[in-house]
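What follows is a single structure, written as C-alpha cells, with notes after it.
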Amino acid sequence: MTTVTPPEADPTRSDTGDPEDRDYPEGSWTAWLRDRITHLVPPGQALPDRQPSYVASWAYVLGVLTLASLVVVVVTGCVLAAGGTTWWHVASLGHFVNSMHLWSVELFFVFMVVHLWSAFWMAAWRGHRGLTWATGAIAFLGSIGTAFTGYLSQTNFDAQWIAGEAKDGLNSVGIGAFFNVLNPGQMLLWHVTLLPIVVGLLVVVHLVLVRRHGVVPPIGGPLDPDGPHRPATPVITEPSDQAPRSAP
Amino acid sequence: MVALTSSPTLAQSYVDVGFVHVSWANLAVIGAMIMLFVLVLVLPFPGHHPRGDGTGL
Chain A
307 MTTVTPPEAD
317 PTRSDTGDPE
327 DRDYPEGSWT
337 AWLRDRITHL
347 VPPGQALPDR
357 QPSYVASWAY
367 VLGVLTLASL
377 VVVVVTGCVL
387 AAGGTTWWHV
397 ASLGHFVNSM
407 HLWSVELFFV
417 FMVVHLWSAF
427 WMAAWRGHRG
437 LTWATGAIAF
447 LGSIGTAFTG
457 YLSQTNFDAQ
467 WIAGEAKDGL
477 NSVGIGAFFN
487 VLNPGQMLLW
497 HVTLLPIVVG
507 LLVVVHLVLV
517 RRHGVVPPIG
527 GPLDPDGPHR
537 PATPVITEPS
547 DQAPRSAP
Chain B
-3 MVALTSSPTL
7 AQSYVDVGFV
17 HVSWANLAVI
27 GAMIMLFVLV
37 LVLPFPGHHP
47 RGDGTGL
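As you go down the protein sequences, you meet chains A and B in turn.
Going by our numbering, the letters in the first sequence line up with residues 307 to 554, in that order.
Going by our numbering, the letters in the second sequence line up with residues -3 to 53, in that order.
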C-alpha cells in the first residue's frame, strides 16, 4: 500500500530551506519543480476514492456539479469557435450547440451560486482554507465577466442592445477606453481567450487547494479545526480508507 | 424595429417593491435557486451509513 505520511508531519510540506529536507539535487530547477508539483497535495489526495461521512450530503455535490457544467461550457464553446461566428445562426447543429452552450452556462451559474451559499454558511474558509474561498469567489466574479462578454458576442440584436445599455455604465467607471463593449471583435476575443484562461486557472488553483486542505468539515463537527472536538493529531489514513486531514 | 421587438425589456413584466426592480423570470430563477439550496440541506444522501463512533468518518 502507498506510504502514509506520519501524523506529525505536514502532509503538504513545503521546502523549509533546510538542505536535510530536500530530496532532490541542489541547483536542479526541474527537480525542484517536480518536487513542488509532487507535494501540491498529500499522497493519495489528488483523486481520492474515499471521503469522510459528512461529505455524504447533497450540499457537497454542488461543487462538482459546477465543475461538470463548466466542462460542458468549455466543450460546446470550443465547438462553437470551430464553427465560426455565423455558424450558430445558419445551421441547425450550430443552433443546437449554441443552445447547449447557453443552458450549460445557466446551470453553471445556478450550481456555482448555491455552492457559494453553501460554502458561506458553513464558513468554508476555516482551517487555513482562506485562499480556497478567495479563489472561488474571484472565479465567480471572473465568470460573470466571461458570461457578459458571451452575451455581447451573440452577433445579434440582443448583443447590440446589451452593449448599448452597458457602455454608459462602463464609461462612467472609467474602463470604457480599453474595454469597449461596442467593439464586438474585442468582446469576442475577451470571451474566448483572456477570460476563459483566467477563470480556468482560478478553477485549477481552487481544485488543487480543495484537495490540498481537504473538504471543510461541518461547523462544530468532530473534525472541525476550530471546534471543541479538534483531534489532537491530523487524521491521515491510507488511500484505501481515505479520511479527512486536519488543516496544516 | 426588429431590434426593438427583440429587446428583452418589452416582453417582460417586472416586480417593483421599494428599490427592488426585478423581472418575474429572474425572480423565478432566484426562487428556484433558494429552493435548490433548501433541498440540498434537507434531502438525505442515498447510500449513506455513518459509523456512529463519533469520528465523523
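Note that beta-carbon positions come from the ideal geometry of N, C-alpha and C, so glycine has one too.
- Query: Which residue from A:Ile503, A:Gly506, A:Gln466, A:His497 puts its Cα closest to that of Leu488 of chain A?
  - Reply: A:Gln466
- With DSSP run on the structure shown, which of helix, strand or coil describes Thr311 of chain A? Since pLDDT at Thr311 of chain A reaches only 41, below the 50 mark, its modelled position is unreliable, and no value is offered.
- Kindly list the residues whose CB is nearer than 6 Å to the CB of Gly442 of chain A, restricted to its own chain and excluding five residues on each side of it in sequence; keep chain order. So the qualifying residues of the chain are His512.
- Item | DSSP three-state assignment for His17 of chain B, whether helix, strand or coil | strand
- Query: What first and last residue would you give for the alpha helix (DSSP H) that runs through Tyr366 of chain A?
  - Reply: Here Tyr366 of chain A belongs to no alpha helix (DSSP H), and DSSP marks it neither H nor E.
- May I ask you to report which of helix, strand or coil DSSP gives Val347 of chain A? coil
- C-beta neighbour in chain A for Leu39 of chain B, strict 8 Å: It does: the Cβ of Leu39 of chain B has a partner Cβ on chain A nearer than 8 Å.
- Query: Taking Cβ positions only, does Val521 of chain A come closer than 8 Å to chain B?
  - Reply: For Val521 of chain A, the answer is no, since every Cβ of chain B falls outside 8 Å of its Cβ.
- May I ask you to report which of helix, strand or coil DSSP gives Ser552 of chain A? Caution applies to Ser552 of chain A, whose pLDDT of 46 falls short of 50 and renders its modelled position unreliable; the value that the coordinates give is listed next. Coil, per DSSP.
- So, helix, strand or coil for Asp341 of chain A, using DSSP? helix
- Pull up the distance between the alpha-carbon of Val411 of chain A and that of Thr452 of chain A, whole angstroms please. 10 Å
- Message: Can you confirm whether Leu339 of chain A, when its beta carbon is compared against all beta carbons of chain B, has any partner nearer than 8 Å?
- Response: no
- Would a C-beta distance cut-off of 8 Å place Pro502 of chain A and Thr461 of chain A closer than the cut-off? A distance of 8 Å or more separates the beta carbons of Pro502 of chain A and Thr461 of chain A.
- For Tyr10 of chain B, the residue or residues it bridges with in DSSP: Per DSSP, B:Ser19.
- Message: Taking only three categories from DSSP, how would you classify Trp431 of chain A?
- Response: coil
- Which class does Glu471 of chain A belong to by DSSP, given the choice of helix, strand or coil? helix
- Item | Outcome for Met31 of chain B when other beta-carbon atoms lying within 10 angstroms are tallied against a minimum of 16 | exposed
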